[in-house]
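The listed protein sequences derive, respectively, from chains A and B. Take 3 as the starting number for the first sequence in my numbering and just add one per residue. Take 3 as the starting number for the second sequence in my numbering and just add one per residue. Glycine included, each C-beta is placed from N, C-alpha and C at the ideal position. Shown next, in structure tokens, is the structure this report addresses.
There are 2 protein chains.
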Amino acid sequence: MARFLQKELEKMKKMILSLGTIVEERVHMAIKAIETKNADIAARIIQSDHEIDEMEVEVEEECLKILALHQPVAVDLRFLIAVIKINNDLERIGDQAVNIAERVDILAKSKVHDVFFDYSQMAQKAETMLKNSLDAFVNLDIDLAFEILAMDDEVDNIKHEAYDLIKEEMKKQPDCIGYLINLLLISRHLERLADHATNIAEEVIYLIEGDIVRHGKALTD
Amino acid sequence: MARFLQKELEKMKKMILSLGTIVEERVHMAIKAIETKNADIAARIIQSDHEIDEMEVEVEEECLKILALHQPVAVDLRFLIAVIKINNDLERIGDQAVNIAERVDILAKSKVHDVFFDYSQMAQKAETMLKNSLDAFVNLDIDLAFEILAMDDEVDNIKHEAYDLIKEEMKKQPDCIGYLINLLLISRHLERLADHATNIAEEVIYLIEGDIVRHGKALTD
């Protein structure tokens, strides 16, 4: 019975990683869409989000089945609850990719061409945080999990830079306000994406240490 | 043993309701802070957020204990998983109250006085959604849960109104851009607050029907 449970837990790990891979891919597409203002990529992200939604439901259903059938305790129980919560965060990261895609679609259709904030650094950091949070989960790597918490501050700093720059641009070019609001909102979506990766890292730390590190600082989501 | 489990589940219901009551109170304070641009109320929301964070951790710990000790199945298992997820949403609603408080603090310190978007309708709807989502959970009231899903669209509509109005104001008054961005972001925080209430309602429907209604439409968080 115990060996059968271990097999089931391995299966859950694989399921959440499959979901993670798809979510990573969507985030990567979203970043590409920002950089190239590409409405086609944006449309593909929006159209395919239902896949992530469906996988999230499957993962949760499977977790509930294992909980009911095997009634795990201690670390196995914590693992499954962590999977349920990480699952939730991954799905919401997928939603952020959709939100970014919607903004990009508006930017792509705009006639404004000369104003842009280079989000590549912020986006790369957020993407790394997501990738590392999943690696930290799979390898139960607590050092990597803590690194993610530190990176979240860097993402916040770039968000403030974007705010200052775009605010100045709004003053200079009031005719481009609609475009600039959408450009600004991309930074909010990237920030929330990074916050969800941070949630995953905190979940990993909790799983390893049994210690709650979340709320050490205010998360914005 | 089964009777003892029922007592534990009742206790969990009470715990999540206590947390819900505090979160409702903070949301109410946040709305009051918006309406009166009151920095003192905003400061109190920010200072007391740790109470919500601590309660969230307690609720999750208690759920894990009950899962490990009583190994519930079927509807009792679903109930506890719902509590864990609702707990998470409530804590994030608390974070939105903090986000609103931070915006209000900036607005209160600004020298701009003549521009404002009246968020009272949007705020009241979001507050009602939160209250009703908790009532729906306690009374397992599926009709009420579905009403919340409909209200979420109304909140989104007001968000669009705020966007249009504030965008126009930005064009007219480029000197007030910083103030107006913060005014705009309040609508995003209220929207996310309403989204979390919607998540709770969807969880309630799942609990009653065993049917997943989430992802029927794209949530923004």
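Whose Cβ in chain A lies nearer than 7 Å to the Cβ of residue i?
i      : result
B:M172 : M172, P176 and I179
B:I210 : Correct list: empty, because the minimum Cβ distance to chain A is about 15 Å.
Looking at the unbroken alpha helix (DSSP H) that takes in residue i, where does it start and where does it end?
i      : result
A:N141 : S122 to N141
B:G22  : A4 to T38
B:A61  : Note that residue 61 of chain B corresponds to Val in the displayed sequence, not to Ala. Here the alpha helix (DSSP H) through B:V61 covers D51 to H72.
A:V77  : A76 to K111
A:E145 : For the sequence presented, residue 145 of chain A should be read as Asp rather than Glu. Its alpha helix (DSSP H) spans residues I144 to K174.
How would you list, in chain order, the residues of chain A whose beta-carbon sits under 8 Å from the beta-carbon of residue i?
i      : result
B:L195 : Going along chain A, no residue has its Cβ under 8 Å from B:L195, so there is no contact; the nearest lies around 11 Å.
B:I18  : Result: empty, since nearest Cβ-Cβ is about 16 Å, beyond 8 Å.
Run down chain B in chain order and give the residues with a C-beta less than 7 Å from the C-beta of residue i.
i     : result
A:L92 : Per Cβ cutoff of 7 Å: no residues; A:L92 is ~13 Å from chain B at best.
A:Q73 : Q73
Straight-line CA distance for residue i to residue j?
i      : j      : result
B:T38  : B:V106 : 9 Å
A:I168 : A:F119 : 7 Å
B:G22  : A:L187 : 30 Å
A:F81  : A:D177 : 52 Å
A:D137 : A:D143 : 8 Å
B:A103 : A:E12  : 43 Å
A:H115 : A:I36  : 13 Å
A:E58  : A:H72  : 21 Å
A:S135 : A:A199 : 6 Å
A:A220 : A:M17  : Only weak support is given to the placement of A:A220: the predicted model assigns it a pLDDT of 37, under 50, and the question is left unresolved by the model.
B:I83  : A:Q175 : 50 Å
B:K9   : B:D154 : 34 Å
A:E211 : A:D145 : 12 Å
A:I95  : A:L19  : 14 Å
A:A203 : B:I160 : 35 Å
B:R5   : A:F139 : 37 Å
B:A44  : B:S112 : 15 Å
Which residues of chain A have a Cβ atom closer than 9 Å to the Cβ of residue i, listed in chain order?
i      : result
B:L66  : L79, R80 and I83
B:R190 : L187 and R190
B:I86  : I83, I86 and K87
List the residues of chain B whose Cβ lies closer than 9 Å to the Cβ of residue i, in chain order.
i      : result
A:I183 : Y165, I168, K169, M172, I183 and L186
Of all the options the options, which has the alpha carbon lying nearest to the alpha carbon of residue i?
i      : options                           : result
A:N141 : A:S50, A:H72, A:I207 and A:E64    : A:I207
A:L182 : A:I150, A:Q98, A:E60 and A:Y165   : A:Y165
B:Q98  : B:I202, B:T130 and B:I47          : B:I47
B:E151 : B:N184, B:N89, B:M131 and B:K87   : Sequence inspection shows Leu at residue 151 of chain B; the Glu mentioned does not correspond to that position. Among B:N184, B:N89, B:M131 and B:K87, the Cα nearest to that of B:L151 is on B:M131.
A:Q123 : A:R5, A:D55 and A:S189            : A:S189
A:E53  : A:L92, A:E170, A:G180 and A:F139  : A:L92
B:V157 : B:M172, B:H191, B:S112 and B:N184 : B:H191
A:E62  : A:V25, A:K87, A:D197 and A:A32    : A:K87
Which chain B residues are close to residue i, counting only those with a beta carbon under 8 Å from its beta carbon?
i     : result
A:A76 : A70
Every unbroken alpha helix (DSSP H) inside the region 173–198 of chain B [4 residues or more]: Within the region 173–198 of chain B, there are no complete alpha helix (DSSP H) runs of at least 4 residues.
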